[in-house]
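For the sequence shown, my numbering begins at 54 and goes up steadily by one.
Taking it in order: structure first as structure tokens, then the write-up.
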Amino acid sequence: MTSLDPNKSLSPLPPLKSFSLTHILYDPSHPLSIPLTLLSLSPIFLFVSYFTLLIFNRSLSILFLGLGSIGNEILSWTLKRLLKGDRPYKGFGEIGNGYGNPSSHSQAAGFLVSWGIGYFLTISFRSNSTAVESKFKIIRKVRNGIYVFGLIIWSIGVSYSRWHLHYHTPIQILAGYSIGLLAGSIYFYITEYIPLQYPSSILGRLRTSVQNIWEGLGGVGGFDLGDAKGGWGEGWIFDKSVKSKAYQKKKKI
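What follows is the structure in structure tokens.
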């Protein structure tokens, strides 16, 4: 008698609960339901992208973006419990019993849009201020324009999916998107624009200090991976010779 024997009585399962972070219901008869469901899940996938980018290039901007996105989720969680807005189909536990205002997915999309637009505008400004051939400036502007346009379309799709899938009302979606835009703009201005445009400011010096520590920790793994040299623990914090070499290199420049 094995545990797969249908005649053998099985022990009853304990009360189970759905992991709501990735639990989404959709209408299988609608042709857009699957794409919109995947779009609705995409803000969660972004954290995997942040982690991957950190592994390959250890960009401090990506680190701040990931931390800001986490902070934005905490803000959404707090606002939901302050506003206590009901979901459009109250009482349908399958859709969700939690609060629905503001829409956290729309807020995440708005946060990334405002941060992304600020980032690409800053890059474009820097490119124009350096001695770069005009044809490359045009290529960069077109490329950045495509990125920004795609980012906006993606964010609209994520927000719309929350209404299509019956998880939020239009007001809740607009509220979340607007809060995300505002939060992302303020966060980018504080962590990216002021420190990089005004490096002698308090925020600029603070970012420089964080950058030094970030570089001092070293790369990821025990080998060269992307732009990350060496592994964690191979930066100047743990290896003084690395710091000395870096100092001599800056001195020559």
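Cβ coordinates follow ideal geometry from the N, Cα and C atoms, glycine included.
Source: prediction; values computed, not measured.
Could you check what DSSP says for residue i in three-state terms: helix, strand or coil?
i: Gly198; result: helix
i: Gly151; result: coil
i: Val273; result: In this predicted model, Val273 has a pLDDT of only 48, less than 50, meaning its place in the structure is not dependable; the value taken from the coordinates is given anyway. In the structure shown, Val273 sits in coil (DSSP, three-state: anything other than H, G, I, E or B).
i: Leu278; result: Any answer about Leu278 is weak, because its pLDDT of 47 lies below 50 and its placement is not dependable; what the coordinates show is given next. The answer is strand: DSSP assigns Leu278 an E or B state.
Beta-carbon separation of residue i and residue j under 8 Å?
i: Pro155; j: Leu132; result: yes
i: Ser95; j: Ser159; result: no
i: Leu234; j: Gly163; result: yes
i: Tyr172; j: His219; result: no
i: Ile205; j: Val166; result: yes
i: Pro248; j: Gly237; result: no
i: Gln225; j: Gly151; result: no
i: Leu107; j: Leu99; result: no
i: Ser114; j: Glu268; result: no
i: Tyr103; j: Leu91; result: no
i: Leu89; j: His217; result: yes
i: Val201; j: Ile170; result: yes
i: Ala161; j: Asn110; result: no
Does the Cβ of residue i have 16 or more other Cβ atoms within 10 Å, making it buried, or fewer, making it exposed?
i: His76; result: exposed
i: His221; result: buried
i: Trp168; result: buried
i: Arg215; result: buried
i: Ser157; result: buried
i: Ser129; result: buried
i: Gly198; result: exposed
i: Tyr251; result: exposed
i: Phe189; result: exposed
i: Gly203; result: exposed
i: Ser253; result: exposed
i: Ile232; result: buried
i: Gly208; result: Just to set this straight, residue 208 is Ser in the shown sequence, not Gly. So Ser208 ends up on the buried side.
i: Ser82; result: exposed
At what residues does the alpha helix (DSSP H) containing residue i begin and finish?
i: Thr261; result: 255-270
i: Tyr230; result: 223-241
i: Ile247; result: 247-250
Would you verify that the beta carbon of residue i is, or is not, closer than 8 Å to some beta carbon of chain D?
i: Asn154; result: Protein chain content of the structure displayed is limited to a single chain, and chain D is not contained in it.
Tell me the start and end of each unbroken beta strand (DSSP E) in the segment 84-121 that is at least 3 residues and wholly inside, in chain order.
none
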